[in-house]
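First the structure, in the form of structure tokens, and then the observations on it.
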Amino acid sequence: RKEVEQDPGPFNVPEGATVAFNCTYSNSASQSFFWYRQDCRKEPKLLMSVYSSGNEDGRFTAQLNRASQYISLLIRDSKLSDSATYLCVVTRGNAGNMLTFGGGTRLMVKP
Amino acid sequence: ETGVTQTPRHLVMGMTNKKSLKCEQHLGHNAMYWYKQSAKKPLELMFVYSLEERVENNSVPSRFSPECPNSSHLFLHLHTLQPEDSALYLCASSQETRISPLHFGNGTRLTVT
């Protein structure tokens, strides 16, 4: 089983749509969780951290379910500029500087 | 504008060549990393340096040799690479805390011929 699993997509959605990505992780000791965004041929950039209580940043909402070892990202009112690959990232246990990346979910927002 | 700078952006080398990738961070971070990103595969952690000491060597072949002379600079020395080593090599830095997001450089795209 992969340490971090994501549906690779692509998810093709129209502008204005709401889209959700899911991610599962295998290490129950993981403590910190993140979503990164990677544009084509660019480096990954932090989109948002994921907190136990769930958190929102504008059109983006992240949720964490520790019991099911499941993380989600919801994007509302999709924009063309949201087209990218979204990477689910978890720490290896409590090691703050050891991150495991999922393979990413590709999103394409169409006009 | 990234606080982590990598050079060169692109590199083509033969299997018998020796080359080095360079990374510099201007963020005052105390941990630096090398990641490899191959097509259709997740980012793979190669090496971690924390406070200039190597704390992780993720079963990387010895033809990859990292060097961290200080907390701002990181090198990856390459020799006798194989074509399957062609990939995007990403440097990153972070402040070593319990929750420490990574800041990536824009990568070196390496092609081994």
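One line per chain: the protein sequences are A and B, in this order. Heads up, the numbering used here is the position in the first sequence plus 22, with the first residue counted as 1. Heads up, the numbering used here is the position in the second sequence plus 72, with the first residue counted as 1. Positions of the beta carbon are idealized from the N, C-alpha and C atoms, including for glycine.
Annotation for D79 of chain A: the continuous beta strand (DSSP E) segment containing it runs N77 to D79.
Distance check between E25 of chain A and each of B:T152, B:K94, B:K113 and B:H98 places B:K113 closest, using alpha-carbon atoms only. Shown here for A159 of chain B: same chain residues with a beta carbon closer than 7 Å to its own, the five before and five after excluded, namely K108, Q109, S110 and L182 in chain order. The Cβ of G75 of chain B sits no closer than 7 Å to any Cβ of chain A. Unbroken beta strand (DSSP E) stretches of 3 residues or longer found wholly inside the region 62-96 of chain A: 66-72, 77-79 and 82-87, given in chain order. Taken in chain order, the unbroken stretches of beta strand (DSSP E) that lie wholly in the region 80-125 of chain B and span 3 residues or more are 82-85, 90-97, 103-109 and 116-122.
Under a criterion of Cβ atoms nearer than 8 Å, no residue of chain A is adjacent to F119 of chain B; the nearest Cβ is some 12 Å distant. Listed in chain order, the non-local C-beta contacts of N44 of chain A below 6 Å within the same chain comprise S94, local neighbours out to five positions each way being set aside.
Each residue's CA atom was taken as its position, placing A103 of chain B and K94 of chain B some 15 Å apart. For G125 of chain A, the neighbours in chain B by C-beta distance under 8 Å run, in chain order, K112, K113 and P114.
Within 7 Å of the CB of L96 of chain A, no CB atom of chain B is found; the nearest one sits about 20 Å away. By the beta-carbon neighbour count (other beta carbons within 10 angstroms, threshold 16), A89 of chain A is exposed. Burial check for C62 of chain A: the Cβ neighbour count within 10 Å stays below 16, so the residue is exposed. Non-local beta-carbon contacts of N77 of chain A in its own chain, meaning distances under 8 Å to residues more than five positions away in sequence, involve M70, S71, T83 and A84 in chain order. As computed with DSSP, P36 of chain A is found in a beta bridge with A:K132. Taking a C-beta distance under 7 Å as the contact criterion, S100 of chain A and E37 of chain A qualify as a contact pair.
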